[in-house]
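Number of protein chains: 2
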Amino acid sequence: MPLDAAQTKRDRLEKKEAAIVDAATDVYLEKGFEKTTMAEIARRADVADGTLYTYFKNKNALMMAVVAAHWARITDEANKSISSSDNFFDAVEAHARYHITMLLKDWRLIDLSYVLYYMQRMPEIEATAYKREYSSVFDRVYNRALDRGEIRSDVPLRHARDLFYGTLEYAARTQVQGRSKQEVESIVKNLVAVIREGFAPSKPSTTREAIVDRLEAAVARLESVSSRKPTSGR
Amino acid sequence: MPLDAAQTKRDRLEKKEAAIVDAATDVYLEKGFEKTTMAEIARRADVADGTLYTYFKNKNALMMAVVAAHWARITDEANKSISSSDNFFDAVEAHARYHITMLLKDWRLIDLSYVLYYMQRMPEIEATAYKREYSSVFDRVYNRALDRGEIRSDVPLRHARDLFYGTLEYAARTQVQGRSKQEVESIVKNLVAVIREGFAPSKPSTTREAIVDRLEAAVARLESVSSRKPTSGR
DNA sequence: CTTGAAAAATGAATGTAATTCATATAGTAT
DNA sequence: ATACTATATGAATTACATTCATTTTTCAAG
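Here is the structure:
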């Protein structure tokens, strides 16, 4: 088989697969999970019922593809959301703003991930992989800040990550479920403020004793630094 | 109808209803949502298939009852979890510890609430009411601390609540989904530390603190001059 | 330009599980 | 005991997901 013919064929199949995923997304957003039927998806994608099964193992796999397409989109956007900030707190604020705005806009698709995950075990599809990829955005920002000494170093990454995404997702869910109006800015500012206080390099205590301790420690660090450099002997 | 006869009759029906809910809980915990069938529940509860529908409108309503029974249990326990602490941070720590321990133990039932909620709209059942009742535990602790001036007063309750429950639920979910071992204490201590820093009444800065800041800055400059610590990549 | 084997697509048939409903049974008041 | 009502029953119905025997399309080789 010539290479460009194969290319064309694969293109054609991928286009059809994408059309099916798009149709499934539309139906799901209109009707919700329970009322989405394979027959309706097939009708919208303009294929026969059976055709769906040549592209996806079953309904769950198809819905998982819907979810995967969405995570790919937002992971891409999330990476852009931090690109303009160079200090930790600005990057956190930008990413928080992007994240909660997205959650409020696309919550039905995000929640679909959870529904699929909890409805049945699907280890072969690894439903949480998309999320892990997405949350690596925060990980990079955090690790860079650690390297630069912008934040205290005794809080493990995973705790910071849980705080960040957990707070935003809970806030978004509260807002979507209740009928409270959206208040993105208030939520973002509050989270950033807490992180600013809780993750700042630890402020030394102001007792005289503590000052002396701090000075001793600083001197010790200086000594150990210069002793590692034989050229600048002491 | 005599009153005690009515009482007996209602008792009988309530016992049967509880038996059905218990059977449903068992089957669900064994098989997961998709593989739980009404026929199996009926068999376990020792009633006919149709009988289930004289107690519950449909499968979702029955599963919702399973969820409701669980929320009632844990709301009761949660209230006990804070009763022995009298200051804010102790109460927060006690409740945090109870909450995440419960989440790790009963996550399948907690998640079932979400699955049901997101699978279809059920405004008549008000799936989130249980959760609202539960989270009022935190609200009471927080409002009491506000009254007593134990914490700063410019953080709205809902933001504090989102931070508290959001962080713990995200942490629990991460742990359940991954195969990382449980680390309740680390998570609790970290959350309490962040809340302690972020919610403490703001202290006015003192002269001594300014001195320390200046010394810190001077030492940092010295250190950066005597050795260019390369930022370790990652 | 044919051709036939492999890949895709089809939709009627099948299987599974939720839900309904006509009928039977049990409980209660008179 | 009798009639009346509330409960319980499980066979029949319904709604979908999924399968599979056929048909249609694609494409490399002659």
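Each protein sequence line maps, in turn, to chains S and R. Under my numbering, the final residue of the first sequence carries the number 218; numbering is consecutive throughout. Under my numbering, the final residue of the second sequence carries the number 218; numbering is consecutive throughout. Beta carbons: idealized from backbone N, C-alpha and C, even for Gly.
For VAL178/R, the enclosing alpha helix (DSSP H) starts and ends at 168 to 183. Contact between ALA52/S and ARG28/S does not hold, since their C-beta atoms are separated by about 19 Å, which reaches or exceeds 8 Å. In this structure the segment 81 to 95 of chain R does not touch the segment 72 to 89 of chain S; the number of beta carbon pairs closer than 8 Å is below three. Residue range 113 to 132 is occupied by the alpha helix (DSSP H) that includes LYS115/S.
Comparing alpha-carbon positions, the option among LEU(-3)/S, GLY16/S, ASP10/S lying closest to PHE40/S turns out to be LEU(-3)/S. Across the segment 8 to 19 of chain S, CB contacts with chain R closer than 8 Å involve GLY16, PHE17, GLU18, LYS19, in sequence order along the chain. In the DSSP assignment, THR20/R falls outside any alpha helix (DSSP H), carrying neither H nor E.
Taking 8 Å as the threshold, the shortest C-beta distance from ARG163/R to chain S does not fall below it. Only VAL139, PRO140, ARG142, HIS143, ALA144, ARG145, ASP146, LEU147, PHE148, TYR149, GLY150, THR151 from the segment 134 to 151 of chain R bring a Cβ to less than 9 Å from some Cβ of chain S. Straight through space, the alpha carbons of LYS165/S and PHE72/R are spaced by roughly 30 Å. DSSP places ASN71/R in the coil class of the three-state scheme, outside both helix and strand. Neighbours of ASP95/S in chain R, taken as residues whose beta carbon is under 7 Å from its own, are TYR102 in chain order. Contact between the segment 59 to 74 of chain R and the segment 46 to 60 of chain S is absent: fewer than 3 CB-CB pairs across the two stretches fall below 8 Å. The C-alpha of VAL50/R lies about 27 Å from the C-alpha of THR151/S.
In its own chain, leaving out the 5 sequence neighbours on each side, no residue places its CB closer than 7 Å to the CB of ASP70/S.
For TYR12/R, same chain residues with a beta-carbon under 6 Å away, outside a window of 5 residues either side, are THR20 in chain order. TYR118/R and TYR154/S do not touch by the CB rule: their CB atoms are close to 13 Å apart, not below 8 Å. In this structure VAL121/R does not touch ILE171/R by the C-beta definition: roughly 18 Å separates them, more than the 8 Å allowed. The C-beta of VAL160/S comes no closer than 8 Å to any C-beta of chain R. Counting only the Cα atoms, ALA32/S lies some 20 Å from ARG(-6)/S. The straight-line gap separating the alpha-carbon atoms of GLU18/S and VAL76/S is approximately 37 Å. Listed in chain order, the non-local C-beta contacts of SER97/S below 6 Å within the same chain comprise VAL51, local neighbours out to five positions each way being set aside. The three-state reading of DSSP puts LYS89/R in helix, counting H, G and I together. Only residues of its own chain outside the window of five on either side were considered, and among them VAL51, ALA52, TRP55, ALA56, THR59, SER97 have a CB closer than 8 Å to the CB of TYR114/R, listed in chain order. Sequence-ordered contacts of the segment 56 to 74 of chain S with chain R are nonexistent [C-beta pairs closer than 7 Å]. ARG145/S is positioned such that its CB atom lies no closer than 8 Å to that of PRO185/S. Of the candidates GLU167/R, GLY182/R, ASN127/R, GLY182/R places its Cα closest to the Cα of ALA177/S.
For ILE94/R, the secondary structure class from DSSP, reduced to helix, strand or coil, is helix.
In terms of beta-carbon proximity, ASN42/S stays away from the interface with chain R, with every pair separated by 8 Å or more. From the listed residues THR112/R, GLU134/R, GLY133/R, MET48/R, the smallest Cα separation to ARG157/S is found for THR112/R.
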